[in-house]
Amino acid sequence: MPFDRELLKGSIALLILKLLSERDMYGYEIIQESLRRSQDAFEFKEGTLYPALHHLHKRGYLHSEWRTGKNGKQRKYYGLTAAGRKAARRSEQEWFSFTKVVNAILSKANA
Amino acid sequence: MHLDRIASRIILLAKLPGNNRRAEVAEELRTHLEDLAEEMRSRGYDEEALNRIVRMRFGEAEEIAEAFASVYAPERLAKLILQSAMLVTASAMAVVVVIGAVQLIAAICTATSIVSILRGIHQEVFGFGAITAGYCSVYAGERIFPTSLTKALWLSAALGVCLAAVFGWLVPQHAALPSAAFACAAAGRLLQRVEIPFVWFAGTALPLLMAWALFGPLISGWQFPWLVWVGLTVSCKALREIVRLFERLFVEDFA
Numbered sequence: 010m011p012f013d014r015e016l017l018k019g020s021i022a023l024l025i026l027k028l029l030s031e032r033d034m035y036g037y038e039i040i041q042e043s044l045r046r047s048q049d050a051f052e053f054k055e056g057t058l059y060p061a062l063h064h065l066h067k068r069g070y071l072h073s074e075w076r077t078g079k080n081g082k083q084r085k086y087y088g089l090t091a092a093g094r095k096a097a098r099r100s101e102q103e104w105f106s107f108t109k110v111v112n113a114i115l116s117k118a119n120a
Numbered sequence: 139m140h141l142d143r144i145a146s147r148i149i150l151l152a153k154l155p156g157n158n159r160r161a162e163v164a165e166e167l168r169t170h171l172e173d174l175a176e177e178m179r180s181r182g183y184d185e186e187a188l189n190r191i192v193r194m195r196f197g198e199a200e201e202i203a204e205a206f207a208s209v210y211a212p213e214r215l216a217k218l219i220l221q222s223a224m225l226v227t228a229s230a231m232a233v234v235v236v237i238g239a240v241q242l243i244a245a246i247c248t249a250t251s252i253v254s255i256l257r258g259i260h261q262e263v264f265g266f267g268a269i270t271a272g273y274c275s276v277y278a279g280e281r282i283f284p285t286s287l288t289k290a291l292w293l294s295a296a297l298g299v300c301l302a303a304v305f306g307w308l309v310p311q312h313a314a315l316p317s318a319a320f321a322c323a324a325a326g327r328l329l330q331r332v333e334i335p336f337v338w339f340a341g342t343a344l345p346l347l348m349a350w351a352l353f354g355p356l357i358s359g360w361q362f363p364w365l366v367w368v369g370l371t372v373s374c375k376a377l378r379e380i381v382r383l384f385e386r387l388f389v390e391d392f393a
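So the protein lines, in turn, are chains A and B.
Take 10 as the starting number for the first sequence in my numbering and just add one per residue.
Take 139 as the starting number for the second sequence in my numbering and just add one per residue.
This is the structure we're talking about:
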């Protein structure tokens, strides 16, 4: 089911922070990983990932460096800073609290 | 649009500050597009279908550029303010040096005491500021409204009126000259846009002539200020070179 664009936009920072809390990744890898985990359901315009990455980088949540991959290709890897780890935990908690509240409202409305 | 051009278009539209950053973002986007194209190739898509799918998955260049622009907007603005301040400072210094030199030469030629020139220096400061403001206001207008000269001139004229009011309040007896100097410098910059050589000399002369025609009869013994005109004209030439140097140094950021 295709998700609402604004909903995707709002959750992209959380997804980036969460995925990068596991290991350093480059942009394309982040997309592939989110597609794999969501079984291709989480589909968004891939180019919009980069402004989001740069925004988080500017806020000091990410560090980045160019590394050479196995095929000799240079890629820019992103990883979390200490502030990024804190932000990831906070965002995750916020998300669970938010979905819990929304679910509670929806379940009562459906009852 | 060819895949290579997507990254270039985003960079062009995003107006990212700094050459290094632009190159880095372009490389990052290009790598992603290549990875995406490789994935499609490995799935057996031909080049035409591949291009279409990559463009569809990557998104519109305009939308991505807009998102980048908003991320870097504060940095870009700060850089713009800093560069503008540098331009105005360099311009003001150039005006002081040029007019100072012209006055010094005139003093030597006419065997006038330099001290007598320095006596009126507090009033000259208004003139230096007015020339810098007049020239830079038209230039700023050209940059802010690159497609509308009328709007650029309105901006300059609005600043000119405000400054004339300030001069009128601070130095009511001597407000005419700095106001005319502002108009001269603005007209000089305006006529420097014309391809015909030396036509801009008229730009620096016309407002002075008008001031002379208007106020000359009211002030006894007031002659056309030739020295001011020479100083203004040489200042405008110096300011033009400063603007060119500034554009060469910061053209990517200021474009």
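All C-beta atoms in this analysis are idealised placements derived from N, C-alpha and C, irrespective of residue type, glycine included.
Model, not experiment: these values are computed from the prediction.
Which residue wins for smallest C-alpha separation from residue i, given the options the options?
{"i": "ARG386 (chain B)", "options": "B:GLN221, B:PHE305, B:SER146 and B:VAL163", "result": "B:GLN221"}
{"i": "GLY69 (chain A)", "options": "A:LEU58, A:TYR59 and A:ALA92", "result": "A:ALA92"}
{"i": "CYS247 (chain B)", "options": "B:ARG147, B:LEU365, B:GLU198 and B:ARG190", "result": "B:LEU365"}
{"i": "GLY298 (chain B)", "options": "B:HIS170, B:ALA321, B:SER229 and B:ALA349", "result": "B:ALA321"}
{"i": "ARG101 (chain B)", "options": "B:ILE243, B:GLY197 and B:ASP184", "result": "Because chain B here runs from 139 to 393, residue 101 (chain B) falls outside it and cannot be looked at."}
{"i": "LEU328 (chain B)", "options": "B:VAL309, B:TRP292 and B:CYS300", "result": "B:TRP292"}
{"i": "ALA164 (chain B)", "options": "B:PHE388, B:THR342, B:SER294 and B:LEU141", "result": "B:LEU141"}
{"i": "GLY272 (chain B)", "options": "B:ASP173, B:VAL226 and B:PRO310", "result": "B:VAL226"}
{"i": "ALA50 (chain A)", "options": "A:GLN102, A:ASP13 and A:SER100", "result": "A:ASP13"}
{"i": "GLN15 (chain A)", "options": "A:ARG32, A:GLU31, A:THR57 and A:ARG94", "result": "The displayed chain sequence assigns Glu, not Gln, to residue 15 (chain A). Measuring from the Cα of GLU15 (chain A), the nearest candidate turns out to be A:THR57."}
{"i": "ARG46 (chain A)", "options": "A:GLU55, A:HIS66, A:LEU24 and A:GLN83", "result": "A:LEU24"}
{"i": "THR371 (chain B)", "options": "B:ALA296, B:GLU185, B:THR169 and B:ALA323", "result": "B:ALA323"}
{"i": "HIS66 (chain A)", "options": "A:ARG99, A:GLU55, A:LEU89 and A:LEU115", "result": "A:LEU89"}
{"i": "GLN83 (chain A)", "options": "B:ALA249, B:GLU162 and B:THR285", "result": "B:GLU162"}
{"i": "LEU151 (chain B)", "options": "B:VAL332, B:THR288, B:ALA207 and B:ALA249", "result": "B:ALA207"}
{"i": "GLU201 (chain B)", "options": "A:LYS79, A:GLU55 and A:LEU71", "result": "A:GLU55"}
{"i": "PRO81 (chain A)", "options": "B:GLU204, B:ALA205, B:THR169 and B:ALA203", "result": "With the sequence shown as reference, residue 81 (chain A) is identified as Gly, and Pro is not the correct amino acid for it. Checked all of B:GLU204, B:ALA205, B:THR169 and B:ALA203; the closest Cα to GLY81 (chain A) is B:THR169."}
{"i": "LEU352 (chain B)", "options": "B:VAL332, B:ALA314 and B:GLU166", "result": "B:ALA314"}
{"i": "ALA199 (chain B)", "options": "B:GLY182, B:LEU167 and B:ALA302", "result": "B:LEU167"}
List the residues of chain A that residue i touches, going by C-beta distances under 7 Å, in chain order.
{"i": "ALA205 (chain B)", "result": "THR57 and PRO60"}
{"i": "ASP173 (chain B)", "result": "TYR37"}
What residues in its chain sit with their C-beta under 6 Å from that of residue i, if we drop five residues either side in the sequence?
{"i": "ARG160 (chain B)", "result": "ILE149 and LEU154"}
{"i": "ILE380 (chain B)", "result": "ALA228, SER229 and ALA232"}
{"i": "GLU176 (chain B)", "result": "none"}
{"i": "GLY395 (chain B)", "result": "Outside the displayed span of chain B (139 to 393) sits residue 395 (chain B), for which this structure offers no information."}
{"i": "ALA290 (chain B)", "result": "GLY279, GLU280 and PHE283"}
{"i": "ARG214 (chain B)", "result": "PRO155"}
{"i": "ILE334 (chain B)", "result": "none"}
{"i": "ALA302 (chain B)", "result": "SER317"}
Leaving out the 5 sequence neighbours to the left and right, which residues in its chain are closer than 8 Å to residue i when beta-carbon positions are compared?
{"i": "GLU262 (chain B)", "result": "ILE237"}
{"i": "VAL233 (chain B)", "result": "PHE266, ILE269, THR270, SER373, ALA376 and LEU377"}
{"i": "LEU28 (chain A)", "result": "MET34, ILE39, GLU42 and SER43"}
{"i": "MET224 (chain B)", "result": "PHE384"}
{"i": "PHE362 (chain B)", "result": "LEU346, LEU347, TRP350 and GLY354"}
{"i": "GLN330 (chain B)", "result": "TRP338, GLY341, CYS374 and ARG378"}
{"i": "ALA318 (chain B)", "result": "PRO345, LEU346, MET348 and ALA349"}
{"i": "TYR59 (chain A)", "result": "GLY36"}
In chain order, what residues of the same chain have a beta carbon less than 7 Å from the beta carbon of residue i, not counting five sequence neighbours either side?
{"i": "SER210 (chain B)", "result": "A quick correction: the sequence has Tyr, not Ser, at residue 210 (chain B). LEU154 and PRO155, listed in sequence order."}
{"i": "LEU17 (chain A)", "result": "PHE53"}
{"i": "GLU74 (chain A)", "result": "TYR86"}
{"i": "VAL368 (chain B)", "result": "VAL240"}
{"i": "LEU174 (chain B)", "result": "VAL192, ARG195 and PHE196"}
{"i": "PHE264 (chain B)", "result": "PHE305, VAL309 and PRO316"}
{"i": "ARG179 (chain B)", "result": "LEU188"}
{"i": "ARG94 (chain A)", "result": "SER30"}
{"i": "LEU171 (chain B)", "result": "LEU141, ILE144, ALA145, VAL192 and PHE196"}
Using a C-beta to C-beta distance shorter than 7 Å, which residues of chain B count as neighbours of residue i?
{"i": "GLY36 (chain A)", "result": "GLU166 and HIS170"}
{"i": "MET67 (chain A)", "result": "The residue you asked about is not Met; residue 67 (chain A) is Lys in the sequence shown. Correct list: VAL209."}
Which bits of chain A does residue i rub up against, with CB to CB less than 8 Å?
{"i": "ILE202 (chain B)", "result": "LYS54, GLY56, THR57, TYR59 and PRO60"}
Measuring only from the beta carbon, is residue i closer than 7 Å to any heavy atom that is part of the ligand NAD?
{"i": "GLU165 (chain B)", "result": "Looking for the ligand NAD in the displayed structure turns up nothing, as the structure carries no ligands at all."}
Using a Cβ-Cβ distance cut-off of 8 Å, determine whether residue i contacts chain E.
{"i": "LEU16 (chain A)", "result": "Within the model displayed, chain E is absent; protein chains A and B are what it includes."}
Item checked: Where the region 69-100 of chain A meets chain B: residues whose CB sits under 8 Å from a CB there -> LYS82, GLN83, ARG84 and LYS85
Check: Listed in chain order, which residues of the region 184-200 of chain B have Cβ atoms closer than 7 Å to some Cβ of chain A?
Finding: ARG195, PHE196 and GLY197
Next item on the list: Entirely within the region 20-73 of chain A and at least 4 residues each: give me those alpha helix (DSSP H) ranges in chain order.
Entry: 36-46 and 58-67
Note to self: Just to confirm the assignment: which complete alpha helix (DSSP H) runs, minimum length 4, are found wholly within the region 187-254 of chain B?
What the structure shows: 199-247
Notebook entry, point to check: Where are the alpha helix (DSSP H) runs, 4 residues long or more, that stay fully inside the region 292-335 of chain B, in chain order?
Noted result: 314-330
Checklist line | Contiguous beta strand (DSSP E) assignments of at least 3 residues, all confined to the region 73-109 of chain A | finding: 83-89
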